[in-house]
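Residue numbers (the numbering used here): 30 to 124. The C-beta atom is built at its ideal place from N, Cα and C for all residues, glycine as well. As the structure is a prediction and not an experimental result, all values here were calculated from the model. This report refers to the structure that appears directly beneath it.
Here it is as C-alpha coordinates:
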(Lines of atoms letter the chains of each structure in order from A and count residues from 1; the text may use other names and numbers.)
(Lines give C-alpha, C1' and ligand atoms only; values in the text may rest on other atoms or scores of the structure.)
Protein backbone atom coordinates (compact mmCIF):
# COMPACT_ATOMS: atom_id res chain seq x y z
CA UNK A 1 0.00 0.00 0.00
CA UNK A 2 1.29 3.44 -0.81
CA UNK A 3 -0.16 6.87 -0.37
CA UNK A 4 -0.56 9.49 -3.06
CA UNK A 5 0.19 13.17 -2.73
CA UNK A 6 -3.54 13.91 -2.84
CA UNK A 7 -4.21 11.53 0.07
CA UNK A 8 -1.52 13.19 2.17
CA UNK A 9 -2.96 16.61 1.39
CA UNK A 10 -6.44 15.37 2.39
CA UNK A 11 -5.20 13.97 5.71
CA UNK A 12 -3.29 17.19 6.38
CA UNK A 13 -6.46 19.19 5.67
CA UNK A 14 -8.53 16.99 8.01
CA UNK A 15 -5.88 17.34 10.72
CA UNK A 16 -5.72 21.10 10.12
CA UNK A 17 -2.01 20.91 9.28
CA UNK A 18 -0.71 23.47 6.82
CA UNK A 19 1.76 21.67 4.52
CA UNK A 20 3.68 23.36 1.75
CA UNK A 21 4.16 21.48 -1.51
CA UNK A 22 7.72 20.47 -0.59
CA UNK A 23 6.61 19.31 2.88
CA UNK A 24 3.76 17.30 1.39
CA UNK A 25 6.10 15.62 -1.10
CA UNK A 26 8.59 14.77 1.68
CA UNK A 27 5.77 13.45 3.85
CA UNK A 28 4.58 11.16 1.05
CA UNK A 29 8.08 9.66 0.79
CA UNK A 30 8.39 9.21 4.57
CA UNK A 31 4.92 7.69 5.01
CA UNK A 32 5.39 5.33 2.08
CA UNK A 33 8.69 4.21 3.62
CA UNK A 34 6.93 3.48 6.92
CA UNK A 35 4.11 1.62 5.16
CA UNK A 36 6.68 -0.40 3.19
CA UNK A 37 8.37 -1.43 6.42
CA UNK A 38 5.01 -2.49 7.86
CA UNK A 39 4.33 -4.60 4.75
CA UNK A 40 7.73 -6.30 5.18
CA UNK A 41 6.96 -7.06 8.82
CA UNK A 42 3.54 -8.48 7.94
CA UNK A 43 5.10 -10.74 5.32
CA UNK A 44 7.12 -12.60 7.97
CA UNK A 45 5.73 -16.07 8.77
CA UNK A 46 4.88 -16.04 12.49
CA UNK A 47 2.98 -19.34 12.59
CA UNK A 48 3.89 -21.24 15.74
CA UNK A 49 5.44 -18.25 17.48
CA UNK A 50 3.94 -17.56 20.88
CA UNK A 51 2.99 -13.96 21.66
CA UNK A 52 5.27 -12.27 24.17
CA UNK A 53 4.51 -9.65 26.79
CA UNK A 54 8.05 -8.29 26.55
CA UNK A 55 10.87 -8.48 24.02
CA UNK A 56 13.22 -9.96 26.62
CA UNK A 57 12.55 -12.87 28.94
CA UNK A 58 12.73 -10.99 32.22
CA UNK A 59 10.86 -11.04 35.48
CA UNK A 60 10.62 -8.47 38.21
CA UNK A 61 12.02 -9.11 41.62
CA UNK A 62 9.17 -8.59 44.04
CA UNK A 63 9.48 -7.81 47.71
CA UNK A 64 7.33 -9.50 50.31
CA UNK A 65 4.04 -7.76 50.99
CA UNK A 66 4.38 -7.00 54.67
CA UNK A 67 3.05 -4.16 56.81
CA UNK A 68 5.89 -1.78 57.58
CA UNK A 69 4.01 1.11 59.21
CA UNK A 70 1.91 1.13 62.35
CA UNK A 71 -1.82 1.88 62.09
CA UNK A 72 -2.12 5.50 63.27
CA UNK A 73 -5.64 6.22 62.06
CA UNK A 74 -6.87 7.17 65.53
CA UNK A 75 -3.99 9.66 65.90
CA UNK A 76 -4.66 11.23 62.50
CA UNK A 77 -8.41 11.45 63.05
CA UNK A 78 -8.00 12.97 66.50
CA UNK A 79 -7.01 16.30 64.93
CA UNK A 80 -9.69 16.16 62.23
CA UNK A 81 -12.66 18.53 62.63
CA UNK A 82 -15.27 15.87 61.81
CA UNK A 83 -15.05 12.07 61.88
CA UNK A 84 -17.74 9.41 61.83
CA UNK A 85 -17.34 5.61 61.94
CA UNK A 86 -13.62 5.90 61.24
CA UNK A 87 -14.12 8.10 58.16
CA UNK A 88 -13.19 11.74 57.57
CA UNK A 89 -16.28 13.89 56.92
CA UNK A 90 -15.84 16.74 54.45
CA UNK A 91 -18.21 19.50 53.32
CA UNK A 92 -20.43 18.75 50.36
CA UNK A 93 -18.94 20.36 47.24
CA UNK A 94 -21.48 19.53 44.53
CA UNK A 95 -25.19 19.95 45.11
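Item	Value
Residue 91 beta carbon less than 8 Å from that of residue 7	Nothing can be reported for residue 7: it is not among the residues displayed for the chain, which extend from 30 to 124.
Residue 30 beta carbon less than 8 Å from that of residue 64	yes
Environment of residue 87 [buried if 16+ CB atoms lie within 10 Å]	exposed
Neighbour-count burial assignment, residue 119, 16 or more Cβ in a 10 Å radius	exposed
C-alpha distance - residue 59 paired with residue 77, whole-angstrom precision	33 Å
Span separating the alpha-carbon of residue 113 from that of residue 99	21 Å
Residue from 117, 96, 48 whose Cα sits closest to the Cα of residue 102	117
Cutoff 6 Å; reference residue 48; Cβ partners in own chain excluding five residues on either side	41
Candidates 115, 97, 96: closest to residue 104 by CA position	115
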